[in-house]
Structures are given as C-alpha cells and as structure tokens.
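Here our numbering is used: the first residue of the sequence shown is 45, the next is one more, and so on.
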Amino acid sequence: MPEPITIFFAYARADQALRDELDKHLAFLRRGNLIKGWYDGDISAGEDYQQAIHQNLHTADIILLLISPDFIASDYCYDVEMKKAMARHEAGEAVVIPVILRPCLWEDTPFGLLQALPKDARPIIFWPHRDQGFHDAAMSIREKVTKLYAQRNPPPFTRNFRGEVDIRPDSQTETKSLFDPATLIDKRPKLVMGAGVVIGILLLIVVGTLIRSVFSERVDPVAGSAITDEPEGGSIVDDTPPTLTPPFSPTATPTIPDTTTPTSLPTATPTIPNSSTPIPDLPTATSIPPTPTPQPAPTSRPETITDANDSPMVLIPAGPFEMGSEDGADDEKPVHTVTLDDYYIDRYEVTNAQYAACVDDSLCELPSNTASYTRDSYYNNSEFSDYPVIYVGWNQATTYCEWRGARLPTEAEWEKAARGTDGRTYPWGEQTPNEQLLNFLSNVGDTTLVGSYPDGVSPYGVHDMAGNVWEWVADWYGGDYYSSSPETNPIGPTSGSSRVVRGGGWYNSGHNVRAAIRHRNDPPESSNFIGFRCARSP
Numbered sequence: 045m046p047e048p049i050t051i052f053f054a055y056a057r058a059d060q061a062l063r064d065e066l067d068k069h070l071a072f073l074r075r076g077n078l079i080k081g082w083y084d085g086d087i088s089a090g091e092d093y094q095q096a097i098h099q100n101l102h103t104a105d106i107i108l109l110l111i112s113p114d115f116i117a118s119d120y121c122y123d124v125e126m127k128k129a130m131a132r133h134e135a136g137e138a139v140v141i142p143v144i145l146r147p148c149l150w151e152d153t154p155f156g157l158l159q160a161l162p163k164d165a166r167p168i169i170f171w172p173h174r175d176q177g178f179h180d181a182a183m184s185i186r187e188k189v190t191k192l193y194a195q196r197n198p199p200p201f202t203r204n205f206r207g208e209v210d211i212r213p214d215s216q217t218e219t220k221s222l223f224d225p226a227t228l229i230d231k232r233p234k235l236v237m238g239a240g241v242v243i244g245i246l247l248l249i250v251v252g253t254l255i256r257s258v259f260s261e262r263v264d265p266v267a268g269s270a271i272t273d274e275p276e277g278g279s280i281v282d283d284t285p286p287t288l289t290p291p292f293s294p295t296a297t298p299t300i301p302d303t304t305t306p307t308s309l310p311t312a313t314p315t316i317p318n319s320s321t322p323i324p325d326l327p328t329a330t331s332i333p334p335t336p337t338p339q340p341a342p343t344s345r346p347e348t349i350t351d352a353n354d355s356p357m358v359l360i361p362a363g364p365f366e367m368g369s370e371d372g373a374d375d376e377k378p379v380h381t382v383t384l385d386d387y388y389i390d391r392y393e394v395t396n397a398q399y400a401a402c403v404d405d406s407l408c409e410l411p412s413n414t415a416s417y418t419r420d421s422y423y424n425n426s427e428f429s430d431y432p433v434i435y436v437g438w439n440q441a442t443t444y445c446e447w448r449g450a451r452l453p454t455e456a457e458w459e460k461a462a463r464g465t466d467g468r469t470y471p472w473g474e475q476t477p478n479e480q481l482l483n484f485l486s487n488v489g490d491t492t493l494v495g496s497y498p499d500g501v502s503p504y505g506v507h508d509m510a511g512n513v514w515e516w517v518a519d520w521y522g523g524d525y526y527s528s529s530p531e532t533n534p535i536g537p538t539s540g541s542s543r544v545v546r547g548g549g550w551y552n553s554g555h556n557v558r559a560a561i562r563h564r565n566d567p568p569e570s571s572n573f574i575g576f577r578c579a580r581s582p
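See below:
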C-alpha cells in the first residue's frame with residue numbers, strides 16, 4: 045500500500061482558525077492518500093502531550109511553520125518546535141516550509157533564507173481573498189508532496205526475461221543468474237516446453253515460405269502482373285484533434301494584407317499545448333542545419349490588423365529579447381535571451397461582449413460567475429460590455445481563441461509584448477506604478493474598461509499588460525523552466541498541473557505587476573481577477 049507523506053503543523057494557538065483554513069485547502073491531497081497531516085489537536089485524551097508532539101515532529105516528512113507575531117513570540121513554537129524542525133531540515137531528514145499567515149519580522153530568523161509561502165511571502169491576511177492566498181500555498185505544497193511521494197512510492201517493477209528480479213536501480217534484491225545450477229534445475233521443464241514451441245514455430249515458418257514461393261509465381265491473367273499482398277480496406281487513421289475555425293463567412297472576416305515574399309523554407313511556429321495532450325518534440329521539416337544565432341527573415345507585415353470578432357491586434361516583430369528578472373522570485377531566474385518569430389497579439393484583453401459572441405455561437409461556455417468583485421451584474425450587463433471577461437478557465441480561454449482562428453500566447457510571447465527588447469521592468473518603463481498608469485493595488489477595487497490607461501501601454505502599444513486582470517497564457521507552469529528553456533520560440537514544459545498567468549490584477553501591489561512576474565493556476569479554475577487575450581501567427 046503506498047505510504048502518504050506526513051505533514052506536521054507548527055503554529056501558535058492564536059492562529060488556530062488560519063491553520064484550519066489551510067488544512068481545508070490541503071484536503072484534496074488527503075483524500076488522494078497523498079498526505080497525512082498532524083497537529084496538536086489530534087492528541088487524544090490521556091495521551092502524553094509532549095511525547096506526542098516530539099514523536100510526530102521527529103517523524104514528519106514536511107514541517108509547515110505557520111508564521112505570525114504570535115509564533116515568533118511563543119517560546120515553545122520558536123525555541124522548541126522551530127529549532128527542532130530546522131535541525132531536521134539541515135540534516136536532510138525533513139522539508140521545512142514557512143507559511144506567512146500574518147506580517148511580522150521573520151526574515152532574520154533561522155528559517156529566513158527558506159522559500160516562504162504564499163507567492164512572494166505575502167502574508168495570507170493581506171490577500172484580497174484569503175482563499176486565493178491559501179490556494180497559492182497549497183499548490184506549492186502539492187508540488188513538494190508529489191515529488192516526495194514519487195520517491196517514496198516508485199512504480200511497481202515488472203519481470204525481466206533474463207530473470208525474476210527487481211530491476212529498479214535502488215533495488216537490494218539479489219539477482220539470480222539463469223546459469224545458477226539451482227535455477228537451471230527449477231527451470232528445466234519450462235525450457236523443454238519452450239524449445240518445443242520454438243521448433244513448432246520454425247516448422248510453420250518454413251512451410252509458409254514454401255507455399256508463398258509457389259503462389260508468388262502466379263500471374264494475374266488479365267493485368268499481367270504479379271499478385272500482391274495489398275491489405276484489404278486499409279486506411280490511415282488521423283488522430284489529430286479537429287481545429288476549431290471561426291464561424292464567420294468570408295465576407296465577415298477582415299482581410300489581412302500580407303506582403304511577405306513566399307519562401308520554401310519552413311517557418312517555426314510555436315505549438316501551443318492543450319490541457320490534456322503532452323507536447324511532442326517538433327519534427328524538423330527539412331535537414332537544413334541550425335545556425336548558431338537565429339536570424340529572423342525580414343518581413344513586411346501590417347503593424348496592426350483587425351482579427352475576427354472585431355479584435356484589434358498588434359504586430360510583435362521577430363527577434364530576441366531578455367526574459368526574466370534577477371530582482372524577482374526564483375522562478376523568474378535566470379535572465380536569458382529568447383528569440384521569437386513575429387506574431388500578432390490582442391491590443392486589449394478579451395471583453396465580455398467579445399466572449400459573449402462565442403457563447404452565442406454555442407462553442408464557448410458561460411463564465412462560471414456573471415458577477416464581479418463589487419458588481420452583482422457584470423457579464424450580462426451592457427454597461428460592462430467592454431470590460432475584461434472574468435471567471436473563465438484556461439480551457440474556456442483556449443476554446444475562445446481557437447474559435448477566432450487564434451490561440452493563447454506563449455509565456456515568452458506575452459512577456460515580449462509587455463516589455464519589448466530593452467529589459468524594462470514595467471510596460472511603460474521604470475517609473476513607479478501609480479493610478480495614472482494602471483489599475484492595481486485596489487485603487488479602483490474591481491476591473492476597469494479595457495484601454496483606460498494609455499500612459500501605461502507597452503512599447504508596442506499593447507494595453508493593460510500590467511494590472512486589471514491576470515491573463516492566461518498557453519504554457520504549463522514550471523518553477524525551474526528558465527534554467528533549461530530553449531533559446532528560440534519556447535513553449536513551456538511538456539506537462540504540468542497548473543498553467544501560467546501573467547500581468548498582475550486589480551488588487552496587486554507594484555511588485556506583482558512587473559512584466560516578468562509569473563503566477564499559476566489550475567486550468568479548470570476561474571476567478572474575478574483572471575482574464576486573457578489571444579495571439580496568432582502571421
């Protein structure tokens with residue numbers, strides 16, 4: 045039976061309610077038998093209190109330090125539980141994860157150098173919705189749990205034709221050779237039977253070959269050609285999923301002028317992953333050797349187009365840019381050069397009215413909630429037709445873009461469109477964010493009309509790339525993906541559990557609306573602070 049990962053909650057009594065909330069957000073791991081949590085509330089009547097804590101603290105795989113002023117002030121939490129936890133962490137016996145519940149001076153503590161949760165160590169109570177903060181922490185805990193669980197519970201081995209042994213690299217089972225006398229005695233009946241089967245098969249092959257040689261000399265008297273072994277009714281089955289095309293007549297679709305000179309060389313187009321199919325390695329169309337430094341072919345394309353569904357799009361020219369930030373979280377590092385082909389991206393976030401057209405066409409699903417944070421009527425309200433659509437999951441966003449004949453941008457495409465090629469921190473440059481540049485820090489308290497901040501546009505004239513709503517992109521999330529990301533047209537990890545969202549939302553601080561900031565969310569989930577925009581290749 046697979047063994048779950050054990051988790052110990054170290055917390056102050058004053059934070060009991062917050063501990064219970066975090067425990068609820070970890071329930072999906074518990075239901076899947078991936079974890080077994082423990083805290084002092086599990087001590088039964090008559091049980092030795094100190095011994096129970098000592099035993100569970102010294103056997104836990106993961107120790108969650110729930111940090112608050114009360115935790116730091118508690119002699120028992122700080123001097124006993126925390127110090128024992130750190131000793132086990134440093135010895136490699138357990139993993140210690142600080143979870144910042146309430147603001148306090150924790151950076152200079154023994155655990156101050158550890159990666160704290162939630163994202164950017166923002167205290168749980170500072171998130172506009174606590175569920176969002178707990179969800180972020182739970183997702184990171186899940187990543188650690190799944191890694192430890194896989195190490196503890198490797199997949200069952202299969203028998204090897206060379207011997208009945210465990211062939212796992214870490215196996216301690218002694219390998220029995222087939223040349224061991226005892227083994228030969230045990231297996232002799234099987235070997236005799238096997239030899240008889242082999243001889244029978246060889247006889248069938250010989251007879252079949254003779255018959256085939258006789259019949260192969262017959263000639264079709266009509267066609268005058270040898271009879272062939274053409275399979276009957278054979279066909280090639282194409283398992284490629286159908287591509288959604290926009291339900292517009294040719295006259296309703298804007299004509300996009302393209303003066304590009306045709307070329308026989310293949311152009312590399314980013315392949316966008318979907319929520320269920322891993323991304324295969326892309327085959328090369330020709331045997332042309334790669335050049336050390338990609339040099340995009342010069343193009344002459346319109347700088348702006350109007351795509352289907354009246355969606356204005358902006359051309360992002362081909363070429364390199366610097367992706368990531370050394371001033372951000374670990375998943376933004378290292379800064380690396382990425383070269384992209386040219387592409388178009390929506391000038392604005394997809395609006396309620398635009399998304400509704402796909403719903404009316406019976407291809408897109410209604411948003412999971414038709415309200416917004418402060419408005420009871422939002423999606424179906426004409427007053428907010430040109431506000432960003434929200435409560436749309438990754439799969440719904442993908443469906444909408446495909447309906448338009450477009451796709452979600454890759455994470456690299458999104459970041460280049462947001463910051464250009466000069467490595468700026470924000471779409472508008474280095475100026476400290478303020479309410480004239482973007483919708484952030486709850487200065488409005490909800491979404492705003494798309495394009496409301498012309499002073500905050502990116503170098504390419506793309507609006508709302510900082511604040512308003514986070515935006516789904518195509519990539520699976522990988523915390524260490526940048527360390528091995530391809531130099532040209534990266535498309536993210538081949539699989540994962542969550543998708544990347546970019547740009548920050550209407551409630552975020554200035555640090556969390558930087559062009560390089562990365563966040564993640566489960567594909568089916570939706571919220572009042574996540575929207576999206578589309579992209580397409582020329």
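Ideal Cβ positions, reconstructed from N, Cα and C, are used throughout, including at glycine. Since the structure is predicted, the reported quantities are computational estimates derived from the model, not experimental observations.
If you check the beta carbons only, do residue i and residue j fall under 7 Å apart?
i: residue 369; j: residue 131; result: no
i: residue 515; j: residue 546; result: yes
i: residue 84; j: residue 50; result: no
i: residue 135; j: residue 107; result: no
i: residue 577; j: residue 469; result: no
i: residue 499; j: residue 480; result: yes
i: residue 155; j: residue 69; result: no
i: residue 541; j: residue 412; result: no
i: residue 180; j: residue 163; result: yes
i: residue 536; j: residue 519; result: yes
i: residue 46; j: residue 79; result: no
i: residue 376; j: residue 467; result: no
i: residue 396; j: residue 355; result: no
i: residue 567; j: residue 438; result: yes
Using 8 Å for Cβ pairs, my map puts residue i next to residue j. What's the rounded Cβ distance?
i: residue 517; j: residue 446; result: So it is not a contact: roughly 15 Å between Cβ atoms.
i: residue 497; j: residue 483; result: 7 Å
i: residue 450; j: residue 580; result: 4 Å
Within its chain, find whatever has a CB closer than 7 Å to the CB of residue i; leave out the 5 residues flanking it on each side and keep chain order.
i: residue 416; result: 422, 434, 490, 491, 572
i: residue 548; result: 484, 510, 511, 514, 556, 557, 561
i: residue 148; result: 111, 112, 113, 116
i: residue 67; result: 81
i: residue 118; result: 56
Could you check what DSSP says for residue i in three-state terms: helix, strand or coil?
i: residue 342; result: Residue confidence is low: residue 342 scores 49 on pLDDT, short of 50, so the model does not pin down where it sits. No coordinate-derived value is stated.
i: residue 184; result: helix
i: residue 554; result: helix
i: residue 101; result: helix
i: residue 68; result: helix
i: residue 134; result: helix
i: residue 126; result: helix
i: residue 57; result: helix
i: residue 504; result: coil
i: residue 161; result: strand
i: residue 355; result: strand
i: residue 155; result: coil
i: residue 428; result: helix
i: residue 34; result: Past the boundaries of the shown model lies residue 34; the chain is included only from 45 to 582, so the question cannot be answered.
Just to confirm my understanding: we take residue i, look at its own chain, exclude 5 residues before and 5 after, and list those with CB closer than 6 Å. What are they?
i: residue 345; result: 359, 582
i: residue 184; result: 161
i: residue 146; result: 112, 167, 169
i: residue 55; result: 63, 110
i: residue 393; result: 432, 494, 508, 575, 577
i: residue 487; result: 479
i: residue 172; result: 551
Expressed to the nearest angstrom, what Euclidean distance is found between the alpha-carbon atoms of residue i and residue j?
i: residue 158; j: residue 408; result: 43 Å
i: residue 495; j: residue 363; result: 26 Å
i: residue 553; j: residue 472; result: 16 Å
i: residue 386; j: residue 522; result: 25 Å
i: residue 538; j: residue 526; result: 14 Å
i: residue 357; j: residue 399; result: 16 Å
i: residue 182; j: residue 371; result: 25 Å
i: residue 504; j: residue 426; result: 30 Å
i: residue 188; j: residue 95; result: 27 Å
i: residue 442; j: residue 380; result: 27 Å
i: residue 86; j: residue 138; result: 21 Å
i: residue 124; j: residue 143; result: 18 Å
i: residue 121; j: residue 102; result: 15 Å
i: residue 448; j: residue 405; result: 12 Å
i: residue 403; j: residue 73; result: 34 Å
Using a threshold of 6 Å, is the CB atom of residue i nearer than that to any non-hydrogen atom of the ligand GDP?
i: residue 174; result: Among the components modelled here there is no ligand, and therefore nothing to report on the ligand GDP.
Report all residues from its chain with a CB closer than 8 Å to the CB of residue i; omit the five preceding and five following residues, and keep chain order.
i: residue 58; result: 112, 114
i: residue 462; result: 471, 502, 506, 509, 510, 546, 547, 559
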